[in-house]
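Heads up: the structure comes next, in structure tokens.
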Amino acid sequence: MGIVRKSLQGPIHFYRKFISPLKPPTCRFYPTCSAYALEAIEVHGPIKGPLLAAKRIAKCHPFHPGGLDPVPPKRIRGENNGESAEQDNGNRDPLSAK
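FYI, full-length UniProt numbering numbers position 78 of the sequence shown as 78, with every residue one higher than the one before it.
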């Protein structure tokens with residue numbers, strides 16, 4: 001694990017160990033925001049991970065229903081969202097140029 005990831009995850013571990021136990025359990029999401037942030041940084045790295053965590057924390061308000069909100073899987077460049085090239089070509093307009 002890189003030093004940047006560790007430095008980003010350090011404050012989250014501090015929060016989980018010292019601050020979170022002082023608060024009542026009121027999380028409306030699963031996994032909790034701190035667990036989500038740790039996993040997002042681990043899966044997506046030190047740039048996109050904190051952005052995903054901030055987006056998740058911004059959703060934490062009384063008007064959002066909450067629920068299951070897992071970290072999205074890392075997309076591999078060149079991957080076509082799990083579809084093969086044949087499936088993708090089937091969705092195109094037949095009159096369009098290839």
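C-beta: ideal position from N, C-alpha, C; glycine also. Here the structure is a predicted model, which means the values were calculated and not measured.
Endpoints, the alpha helix (DSSP H) within which residue i is located
{"i": "residue 55", "result": "33-58"}
Secondary structure of residue i, DSSP reduced to three states
{"i": "residue 10", "result": "helix"}
Contact belief for residue i with residue j at Cβ below 8 Å, rounded distance in angstroms
{"i": "residue 37", "j": "residue 53", "result": "4 Å"}
{"i": "residue 5", "j": "residue 70", "result": "No, residue 5 and residue 70 are not in contact; Cβ-Cβ is about 19 Å, not under 8 Å."}
DSSP bridge partner residues for residue i (one or two, in chain order)
{"i": "residue 15", "result": "Answer is none; residue 15 lacks a bridge partner."}
{"i": "residue 63", "result": "Paired residues: none, contrary to the question."}
{"i": "residue 68", "result": "30"}
Inter-residue Cα distance where the pair is residue i and residue j
{"i": "residue 60", "j": "residue 31", "result": "12 Å"}
{"i": "residue 73", "j": "residue 41", "result": "12 Å"}
{"i": "residue 33", "j": "residue 17", "result": "14 Å"}
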